[in-house]
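Input: a single structure, listed below in structure tokens.
In the numbering used here, the protein residues as written are 2 to 292.
Set out below in structure tokens:
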């Protein structure tokens, strides 16, 4: 269900921070028309941590209704509280999401047995397909392959988004688990190599600004056309670097604003991209003409 080129969609906001639902619908249509295979709503890139409960529900509901089955919708359902994560997963199912993206609990940093218990409790609570999300740089915890081995046999745990770019991690995961669950890269700069190694897809930030080209590149890698995929990937490298100029989603939201796709809204404690960094990102955006 979740493979290919998947976008971790930004949440467009007006200058005062209000969610811009008309612009959201335009983004959804753009991605579907460009060949994006699935869309993550209210993930890290979507600033889920600063949405209140009513905004979160509205964002999901409007997105699911507007997409109307044209592609799968993954709802960001992570929380450091197992109970709150369960509540989000149940809401996502009620609203018609295709699945839930559930990040490892951040801030409280449980041990491996706590991570396993967290995901087991969520799995037991609802039959909605779950995509586990491992991103140690954000959460301070790393879901180990041995812990995943205790979880993948559950029917509704269908995929893992792996954003630990440590050399050898994706290779190990593919060798151990690719026949049981879909493995999704969560690191743009190494995504093509992961796809060539056997990953099923990528949940991408860069896809926000170049959905058609990114979808084409992922399709090339997945179809075995490695050289063509690697050639396109080389042209994406300035964008990969530019998206790391500041905390996600600061650079990607500024880029989309510069491209005329969204307004300039972003919520505290994040601020718009510092003026000293804007020329470098603007230069990277010029590579879009070559993709």
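Ideal Cβ positions, reconstructed from N, Cα and C, are used throughout, including at glycine.
Beta-bridge partners of residue i, as assigned by DSSP
i: residue 134; result: 104, 162
i: residue 183; result: 160
i: residue 52; result: Bridge partners of residue 52: none, in fact.
i: residue 75; result: 41, 100
i: residue 20; result: 14
i: residue 124; result: In DSSP, residue 124 forms no bridge with anything.
Test item: CB-CB of residue i and residue j under 8 angstroms
i: residue 46; j: residue 10; result: yes
i: residue 229; j: residue 221; result: yes
i: residue 18; j: residue 266; result: yes
i: residue 94; j: residue 133; result: no
i: residue 83; j: residue 123; result: yes
i: residue 223; j: residue 282; result: no
i: residue 240; j: residue 291; result: no
i: residue 69; j: residue 79; result: no
i: residue 41; j: residue 7; result: yes
i: residue 318; j: residue 164; result: The question about residue 318 has no answer here: the residues shown for the chain are numbered 2 through 292.
i: residue 16; j: residue 212; result: no
i: residue 52; j: residue 100; result: no
i: residue 227; j: residue 204; result: no
i: residue 262; j: residue 48; result: no
Alpha-carbon spacing of residue i relative to residue j, whole angstroms
i: residue 20; j: residue 258; result: 14 angstroms
i: residue 2; j: residue 162; result: 14 angstroms
i: residue 206; j: residue 175; result: 22 angstroms
i: residue 54; j: residue 285; result: 36 angstroms
i: residue 280; j: residue 260; result: 14 angstroms
i: residue 275; j: residue 181; result: 44 angstroms
i: residue 57; j: residue 233; result: 35 angstroms
i: residue 153; j: residue 277; result: 45 angstroms
i: residue 126; j: residue 236; result: 44 angstroms
i: residue 26; j: residue 185; result: 25 angstroms
i: residue 254; j: residue 60; result: 17 angstroms
i: residue 146; j: residue 183; result: 14 angstroms
i: residue 92; j: residue 248; result: 29 angstroms
i: residue 252; j: residue 243; result: 7 angstroms
i: residue 73; j: residue 168; result: 30 angstroms
i: residue 200; j: residue 217; result: 16 angstroms
i: residue 50; j: residue 89; result: 13 angstroms
i: residue 71; j: residue 37; result: 10 angstroms
i: residue 44; j: residue 81; result: 14 angstroms
i: residue 114; j: residue 188; result: 25 angstroms
i: residue 190; j: residue 238; result: 7 angstroms
i: residue 39; j: residue 202; result: 10 angstroms
Residue range of the beta strand (DSSP E) that includes residue i
i: residue 9; result: 5-9
i: residue 39; result: 39-42
i: residue 205; result: 202-205
Element boundaries [alpha helix (DSSP H), containing residue i]
i: residue 216; result: 212-223
i: residue 190; result: 189-198
i: residue 147; result: 146-150
i: residue 170; result: 170-178
i: residue 232; result: 227-243
i: residue 284; result: 279-286
Proximity test, Cβ basis, 8 angstroms: residue i and chain B
i: residue 211; result: The structure shown contains no chain B; it holds only a single protein chain.
Check whether the stretch 153-160 touches the stretch 30-42, counting contact only when three or more Cβ pairs, one atom from each stretch, lie closer than 8 angstroms. no
With three or more C-beta pairs closer than 8 angstroms as the rule, is the stretch 106-117 touching the stretch 130-150? yes
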